[in-house]
Amino acid sequence: MCKFWGYFDTAKVPGNFHISTHGVSREAWEQVMRQRGYAGVSGELSGGINMRHIIHRLHFVDPATNATIDAGREMLAGEVTGDALAYQYYLRVNPVSDLTTGSPLHGYQYRGHLVESSLSSHELSTTFKFDIDAIRVSYTISEVTTLSHFIVHGLAIAGGMVAVMMMLIKVAENLSG
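Using our numbering, you'd call the opening residue of the sequence shown number 474 and step up by one each time.
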């Protein structure tokens, strides 16, 4: 079992990062794996070669503050137990501002999903494809609205509906003659 950790800088554009076996020539890879007892039928690698993995933490942070928002929620955390040869994670990263505390906290949240596939054994990989959204999500605490606020908002909606209906009636009258 291998353990990877680290960090890297990205621009605020779509991109990907991956861990794979394609950096080594196929012949060298097969030679090493055969020596370790992983040779399969007709020269294909099998018998224990897999890209199973466990994600303990994955964060997108602003290097200026090194702050994470909702750090306790690890959406992708856990062990992948399937027998797929390739795993692709598709991530959508959103800039987030938490304005519920005294000083604003800026960071990133992400959501994503996993696609598993059984490709040929020389394409073993775990890929993370991400897209950074341009729209910032802001969390605030709003005060409870009173009954008078509710009535004012209801009347504003009703007034808007009446105004639109009057305009539609005028347009229909002008078109009919």
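Backbone N, C-alpha and C fix where the C-beta goes; we use that ideal spot for every residue, glycine too.
All figures in this text were calculated on a predicted structure; none of them were measured in a lab.
- For the candidate residues Gly633, Ser570, Arg565, whose alpha-carbon lies nearest to that of Asp604? Arg565
- Query: What residue range is occupied by the uninterrupted beta strand (DSSP E) comprising Gly580?
  - Reply: 578-590
- Query: For the beta strand (DSSP E) that Ile527 lies in, which residues bound it at each end?
  - Reply: 526-528
- What span of residues does the alpha helix (DSSP H) with Leu572 cover, start to end? Where Leu572 is concerned, there is no enclosing alpha helix (DSSP H), given that its DSSP letter is neither H nor E.
- Query: Excluding sequence positions up to five away, which residues of its chain have a Cβ less than 6 angstroms from the Cβ of Asn567?
  - Reply: Gln582, Asp606, Val610
- Item | N-terminal and C-terminal residue of the alpha helix (DSSP H) that Gly633 is part of | 620-649
- Message: What does the alpha-carbon distance come out to for the pair Leu641 and Ala631?
- Response: 15 angstroms
- Task: Measure the alpha-carbon distance for Ser570 versus His532 and round it to whole angstroms.
- Result: 15 angstroms
- Query: Just how far apart, CA to CA, sit Ser649 and Leu628?
  - Reply: 31 angstroms
- Item | Beta-bridge partners of Ser611, as assigned by DSSP | Ser570
- Would you call the CB atoms of Thr538 and His579 closer than 8 angstroms? yes
- Query: If you draw a straight line from the C-alpha of Lys476 to the C-alpha of Ser598, how long is it?
  - Reply: 15 angstroms
- 8 angstroms Cβ cutoff met for Ile613 and Thr573: Here residue 613 turns out to be Thr, not Ile, going by the sequence shown. For Thr613 and Thr573, yes; Cβs fall inside 8 angstroms.
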